[in-house]
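Novice: I am attaching a structure below and will ask some questions about it afterwards.
Numbering (my numbering), first residue to last: 509 to 687.
Here it is in structure tokens:
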């Protein structure tokens with residue numbers, strides 16, 4: 509039996525041309541560009557990845573699987589909402605910056621440390637977006653997802669509301685953990 513593809517070729521120039529076409533078409537495919545139509549809707553909502561390091565193949569394999577599902581449902585006529593944004597909060601980036609500096613955050617002026625964290629987040633996020641684009645992932649990229657004024661306002665208002673309702677409290681609980 510003879511193989512169906514006798515020659516395999518890859519052309520960087522052609523790949524870049526296709527990426528340009530996809531970028532133009534993506535505006536009509538994204539939630540912002542398309543809007544929610546009447547009919548069936550599929551929302552793919554995943555926890556955003558922490559920007560604490562460079563992306564690796566395992567993370568993108570997961571996004572490729574989600575992308576296949578998104579494309580399948582789009583072909584079936586669904587409106588697919590598939591946002592992607594970076595988690596720009598938390599300790600992982602602070603730990604990464606401390607490693608890069610070789611100093612603890614307490615030893616660096618607060619504003620300088622925040623600036624360094626933002627620069628680190630920006631670098632990793634650019635890398636993630638570049639790889640997502642090169643893989644052709646059709647998620648809608650939302651810049652500064654968890655680092656926008658709107659996001660912080662919403663999360664802080666939600667926390668205050670929960671606090672006022674007595675839903676935020678401190679307690680000791682047993683846990684399976686070994687120091």
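Quick reminder that beta carbons are idealized off the backbone N, C-alpha and C, glycines included.
If you're wondering where the values come from, they're calculated on a predicted model, not measured in any experiment.
So what does DSSP say about residue 592, is it helix, strand or coil?
Specialist: DSSP places residue 592 in strand when its eight states are reduced to three.
Novice: In the structure shown, what three-state DSSP assignment does residue 616 receive?
Specialist: Three-state DSSP puts residue 616 in coil, outside helix and strand.
Novice: When the Cα atoms are used, what is the spatial distance from residue 667 to residue 597?
Specialist: Looking at the two C-alpha atoms, the distance is approximately 15 Å.
Novice: If you run the structure through DSSP and keep just helix, strand and coil, what is residue 654?
Specialist: Reduced to three states, the DSSP call for residue 654 is coil.
Novice: Who are the near neighbours of residue 562 in its chain, counting only those whose CB is closer than 8 Å to its CB and skipping five residues on each side?
Specialist: Cβ neighbours of residue 562 beyond the five flanking positions: 632, 635.
Novice: Should the segment 648-657 be regarded as contacting the segment 584-601, the criterion being three or more beta carbon pairs within less than 8 Å?
Specialist: Enough Cβ pairs lie closer than 8 Å, so yes.
Novice: Select from 670, 625, 588 the residue whose C-alpha is nearest the C-alpha of residue 605.
Specialist: That would be 625, whose Cα lies nearest to the Cα of residue 605.
Novice: Tell me whether residue 645 is buried or exposed, calling it buried when 16 or more other Cβ atoms sit within 10 Å of its Cβ.
Specialist: By the 10 Å Cβ count, residue 645 comes out buried.
Novice: How big is the Cα-Cα spacing for residue 657 and residue 622?
Specialist: One C-alpha to the other measures close to 16 Å.
Novice: Could you check how far apart the C-beta atoms of residue 588 and residue 578 are, in whole angstroms? I think they sit under 8 Å.
Specialist: The pair is a contact, with the Cβ atoms about 5 Å apart (cut-off 8 Å).
Novice: Would the beta-carbon of residue 568 fall within 8 Å of that of residue 639?
Specialist: Cβ atoms of residue 568 and residue 639: closer than 8 Å.
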